[in-house]
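Visitor: Right, I'll just put the structure down here and ask away after.
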Amino acid sequence: MKLNNGRAIPCPGFGTFKTPDGDICIDAVREAIAAGYEHIDTAAVYGNERSVGEGIRQSGKRREELFVTSKVWNTERGYDKTLRACEKSLQDLGLDYLDLYLIHWPANEMQFGAVAAGINLDTWKAMERLADEGLVRSIGLSNFYPSHMAPVLATANIAPAVDQIEYHPGLLQEETVALCQEHNILVEAWSPLGRGKLLEDSTIVDIAAAHGKTPAHVLLRFCEQNGVLPLVKSVHADRIRENLNFSDFDLSPDEMARICALPQARYGSHPDTAAF
Ligand SMILES: NC(=O)c1ccc[n+]([C@@H]2O[C@H](COP(=O)([O-])OP(=O)(O)OC[C@H]3O[C@@H](n4cnc5c(N)ncnc54)[C@H](OP(=O)(O)O)[C@@H]3O)[C@@H](O)[C@H]2O)c1
67 MKLNNGRAIP
77 CPGFGTFKTP
87 DGDICIDAVR
97 EAIAAGYEHI
107 DTAAVYGNER
117 SVGEGIRQSG
127 KRREELFVTS
137 KVWNTERGYD
147 KTLRACEKSL
157 QDLGLDYLDL
167 YLIHWPANEM
177 QFGAVAAGIN
187 LDTWKAMERL
197 ADEGLVRSIG
207 LSNFYPSHMA
217 PVLATANIAP
227 AVDQIEYHPG
237 LLQEETVALC
247 QEHNILVEAW
257 SPLGRGKLLE
267 DSTIVDIAAA
277 HGKTPAHVLL
287 RFCEQNGVLP
297 LVKSVHADRI
307 RENLNFSDFD
317 LSPDEMARIC
327 ALPQARYGSH
337 PDTAAF
């Protein structure tokens, strides 16, 4: 896929949330890259950046063949702390640049009252500096809904390239997706499998059977057909490989409509009420 700054971003991304630090993470990342993933998604708060970096080194790939994302955690918001947080992530990963750096969650009004937007703008200024200095190639947002995004869009010198949000059948985030499309911001889907729970949904299972594909393929292809880049996590080699093979079939308009009609579901926190 393409970002609004002209850079390419490989689809899908390989997720590492809840992937335990140490050998499990090192093996999963190395396995994923060997299977063909070129895009790894991590975050300082996942506590596994050292292992992600080791998995990348063990893969034997050259740095420029891979696309690596990390995120500044909520305790590090603000200008100076964000600059330091990025340095720490680079050090832990053992990399000299990130392909994409994201604000992990917006400061929200429930926690920060009237200064929430100002905190997000200070953090964004630091993100722009990191991009100017070449420490990160692209910068973006995560879990920003339109109300959080508006002040950034109004004042940014560098437009966000990405908004990474919870996205899957049952949570299609129409307003956020529409705003992102208007500004040519790529939407990335976290928990595209509904943390694994949607794999058992009977509609998904039926559609998968009709195509001779797996439920994971249907959920990932659903994102892709909607122009959304899925990030998918597994620590099992067979699933890691399975989750790559979803681009060789098309969901029909009727199948897309049946998937869109699945009941509402949210597996993570809402950015307006997240208190962490
Ligand atoms: N920005 C944010 O706030 C945010 C929040 C959440 C996630 N993310 C990112 O998005 C990535 C993906 O989201 P996620 O990890 O929450 O959920 P997910 O990818 O929707 O689902 C992962 C779960 O599904 C299982 N699974 C994966 N492939 C499978 C398959 N083919 N068959 C059966 N089970 C399968 C995994 O188990 P095993 O590992 O045991 O195989 C794991 O329990 C994260 O890893 C992270 O990088 C970002």
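Our numbering puts the sequence shown at residues 67 to 342. Note that beta-carbon positions come from the ideal geometry of N, C-alpha and C, so glycine has one too. Just so we're clear, the structure is a prediction, and the values are computed from it rather than from any experiment.
Taking L214 as the reference, give the member of N223, D229, G200 and R203 with the closest Cα.
Guide: In the sequence shown, the residue the question calls residue 214 occupies position 148. The sequence given here has His at residue 214, not Leu. Among N223, D229, G200 and R203, the Cα nearest to that of H214 is on D229.
Visitor: Tell whether a beta-carbon distance below 8 Å holds between Y333 and R287.
Guide: As a working mapping, residue 333 is identified with position 267 in the sequence shown. As a working mapping, residue 287 is identified with position 221 in the sequence shown. Going by C-beta atoms, Y333 is not nearer than 8 Å to R287.
Visitor: Going by the DSSP bridge assignment, what does L237 pair with across the sheet?
Guide: Numbered from its first residue, the sequence shown carries residue 237 at position 171. Answer is H234, bridged to L237.
Visitor: Thinking C-beta only, is I270 closer than 8 Å to L264?
Guide: For the purposes of this step, residue 264 is taken as the residue at position 198 of the sequence shown. For the purposes of this step, residue 270 is taken as the residue at position 204 of the sequence shown. Yes, the Cβ-Cβ distance between L264 and I270 is below 8 Å.
Visitor: Could you give the distance in angstroms between the alpha-carbon of E241 and the alpha-carbon of S335?
Guide: In the sequence shown, residue 241 corresponds to position 175, counting from 1. In the sequence shown, residue 335 corresponds to position 269, counting from 1. Using only the alpha carbons, I get a separation of about 17 Å.
Visitor: Please determine, among V294, S257 and P212, the residue with the shortest C-alpha to C-alpha distance to T82.
Guide: For the purposes of this step, residue 82 is taken as residue 16 along the sequence shown, with counting starting at 1. Nearest C-alpha to T82: S257.
Visitor: Where F80 and I92 are concerned, what is the direct C-alpha to C-alpha distance, given to the nearest angstrom?
Guide: In the sequence shown, the residue the question calls residue 80 occupies position 14. In the sequence shown, the residue the question calls residue 92 occupies position 26. For F80 and I92, the distance between alpha carbons rounds to 13 Å.
Visitor: Please classify F133 as buried or exposed, where buried requires at least 16 other C-beta atoms within 10 Å of its C-beta.
Guide: Counted from its first residue, the sequence shown places residue 133 at position 67. So F133 counts as buried.
Visitor: Using only alpha-carbon positions, find the residue among P86, A110, E321 and S117 that is nearest to R96.
Guide: As a first step, residue 96 is located in the sequence shown; it is residue number 30 there, counting from the start. The candidate whose alpha carbon is nearest that of R96 is S117.
Visitor: Give the secondary structure of D229 by DSSP, where H, G and I count as helix, E and B as strand, and everything else as coil.
Guide: Position 163 of the sequence shown, counted from the first residue, corresponds to residue 229. Strand at D229.
Visitor: State the DSSP-derived secondary structure class of L295, mapped to helix, strand or coil.
Guide: Residue mapping note: residue 295 aligns to position 229 of the sequence shown, counting from 1. It is a strand residue.
Visitor: Run the proximity test for S213: is its beta-carbon closer than 7 Å to any non-hydrogen atom belonging to ligand 2?
Guide: Judged by which ligands are present, ligand 2 is missing from the structure shown, whose ligands are ligand 1.
Visitor: In its own chain, which residues sit with a C-beta less than 7 Å from the C-beta of H249, not counting the 5 before and 5 after it?
Guide: In the sequence shown, counting from the first residue as 1, residue 249 sits at position 183. Taken in chain order, the residues that qualify are L219 and A225.
Visitor: Only counting the same chain, and skipping five residues up and downstream in sequence, which positions put a Cβ closer than 8 Å to that of L310?
Guide: By one-based count along the sequence shown, residue 310 stands at place 244. Closer than 8 Å at Cβ, skipping near neighbours: P78, A101, G102 and Y103.
Visitor: Helix or strand or just coil, what does DSSP make of Y167?
Guide: Locating residue 167 in the sequence shown gives position 101, counting from the first residue. Three-state result, Y167: strand.
Visitor: Straight-line CA distance for N140 to A276?
Guide: By one-based count along the sequence shown, residue 140 stands at place 74. By one-based count along the sequence shown, residue 276 stands at place 210. Rounded to whole angstroms, N140 to A276 spans 43 Å at the Cα level.
Visitor: Taking a contact to mean a Cβ-Cβ separation below 8 Å, would you say S208 touches L69 in this structure?
Guide: To locate residue 208, count along the sequence shown from 1; it is residue 142. To locate residue 69, count along the sequence shown from 1; it is residue 3. No, the pair does not count as a contact, with Cβ atoms beyond the cut-off.
Visitor: Report buried or exposed for M193, applying the criterion of at least 16 other Cβ atoms within 10 angstroms of its Cβ.
Guide: The sequence position of residue 193 within the sequence shown is 127, counting from 1. Looking at its Cβ environment, which holds 16 or more other Cβ atoms inside 10 Å, M193 is buried.
Visitor: Near P217, what residues of its chain come up, given a Cβ to Cβ distance below 8 Å and the 5 sequence neighbours on each side ignored?
Guide: If you number the sequence shown from 1, residue 217 lands on position 151. Answer for P217: A183, N186 and L187, listed in chain order.
Visitor: Kindly indicate which residue of Q247, I75, D304 and N174 has the alpha-carbon position closest to the one of T135.
Guide: Walking along the sequence shown from the start, residue 135 turns up at place 69. Comparing Cα positions, the closest option is I75.
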